[in-house]
Structure formats: C-alpha cells, structure tokens
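**Student:** Can you read through this structure? Questions will come right after.
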Amino acid sequence: MKELDEGIKDEELWHQAEQLAGGVKSLILVKYLQLRAESIAKQ
202 MKELDEGIKD
212 EELWHQAEQL
222 AGGVKSLILV
232 KYLQLRAESI
242 AKQ
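Our numbering puts the first residue of the sequence shown at 202, with every later residue one more than the last.
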C-alpha cells in the first residue's frame with residue numbers, strides 16, 4: 202500500500218488487475234494487491 206500511496210505501481214500488473222476486475226473499480230485495487238503479492242512471493 203505504501204507504494205500506491207507514493208504513486209508507485211507496476212503498470213503491467215495494474216493493467217492485468219483492470220482486466221481481471223472486469224472494469225469494476227472497487228475490485229481493481231484488490232486484484233492489483235493480489236497480483237503484486239504473488240509477484241513478490243515468486244521473487
């Protein structure tokens with residue numbers, strides 16, 4: 202969340218989140234955080 206508060210986000214993951222959320226704005230953040238967590242876990 203700190204990254205988002207500072208205006209830093211992974212644009213590719215954000216775009217994926219938008220697609221997965223089906224344009225539902227309230228779900229985009231949730232999907233982004235899920236994708237980001239998975240990305241961090243893989244590292």
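Note that the Cβ used here is the ideal one computed from N, Cα and C, for glycine as well.
Please look up how many angstroms separate the CB atoms of residue 209 and residue 219, rounded, as I've assumed it's under 8 Å.
**Tutor:** So it is not a contact: roughly 17 Å between Cβ atoms.
**Student:** By the DSSP assignment, the alpha helix (DSSP H) with residue 238 in it spans what residues?
**Tutor:** Note, residue 238: alpha helix (DSSP H), 226 to 243.
**Student:** Rounded to a whole number of angstroms, what is the C-alpha to C-alpha distance between residue 203 and residue 221?
**Tutor:** If you take the alpha carbons of residue 203 and residue 221, they lie about 23 Å apart.
**Student:** Given that a residue counts as buried once 16 or more other Cβ atoms are within 10 Å of its Cβ, and exposed if not, what is residue 232?
**Tutor:** It is buried - the Cβ of residue 232 has at least 16 other Cβ atoms within 10 Å.
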